[in-house]
Amino acid sequence: MRLLARQTRNADQARRLLALASIYDGGSRGDAARLGSVTVQIVRDWVVRFNDRGPDGLINRKAPGKPSLLNDEQRAALAQAIERGPTPYLDGVVRWRLCDLAQWIWKEFRISVSEETLGREVPAMGYRKLSARPRHHAQDAEAAEAFKKTYPPQWRKLLPVLPRAK
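Numbering-wise (this note's numbering), the sequence shown opens with residue 1260 and increments by one.
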């Protein structure tokens, strides 16, 4: 075990291996706990992990975290609803917002999902927040086109005219 502790590049794993090596050399768990700067219960957990998975069981791993509220089928239905867009007379909205999607999920699956959770879930599904640029309902497209400046900028007037390549 001491050889494994010397060979590893993970400092936490080396500390744990050295603490376990002191137990295997005949020391008590209390001594191993003092050596590892932890409690006796944690040393017991290290022993269990080492017995189950070997030296790799002593490497810190990412905690699994809370499982997702939506399964794959529900996520596919949500993606389909986003692609299809809302039906104004049924859904009561003309574009999806996170709060509207949360209500839709509740109606469809009886799952309560917060807007914050949907704010992480929807981008993870490959969608991003897009909204159309607002336009006044009485805007005249022809008047806007006539108002645009069509003359070239000043810097183009200053450049010499270069012959084009053939």
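Here a beta-carbon is modelled for each residue, glycine too, at the ideal position from N, C-alpha and C.
In this structure, the CA atom of Gln1362 is about 14 Å from the CA atom of Ala1336. Fully contained in the segment 1298-1324 are the following alpha helix (DSSP H) runs of length 4 or more, in chain order: 1299-1312.
The DSSP assignment places complete alpha helix (DSSP H) segments of no fewer than 4 residues inside the segment 1360-1394 at 1374-1383, in order along the chain.
Within the same chain, and ignoring the five residues on either side of Ala1340 in sequence, the residues whose Cβ sits closer than 7 Å to its Cβ are Trp1363.
In the three-state reduction of the DSSP assignment, Gly1289 falls in the helix class.
Contact between Gly1295 and Ala1278 holds: CB atoms are separated by about 4 Å, below the 8 Å threshold.
Judged by DSSP secondary structure, Ser1281 falls within the alpha helix (DSSP H) whose first and last residues are Ala1270 to Tyr1283. The Cβ atoms of Leu1360 and Leu1377 sit closer than 8 Å to each other. Counted as a single uninterrupted DSSP element, the alpha helix (DSSP H) harbouring Ala1340 occupies residues Asp1331 to Arg1343. Taking the Cβ atoms as the reference, Asn1269 lies roughly 6 Å from Ile1318, within the contact range of under 8 Å. Collapsing the DSSP output to three states places Pro1326 in coil. Cα atoms of Asn1310 and Pro1326: separation of roughly 27 Å, rounded to the nearest angstrom.
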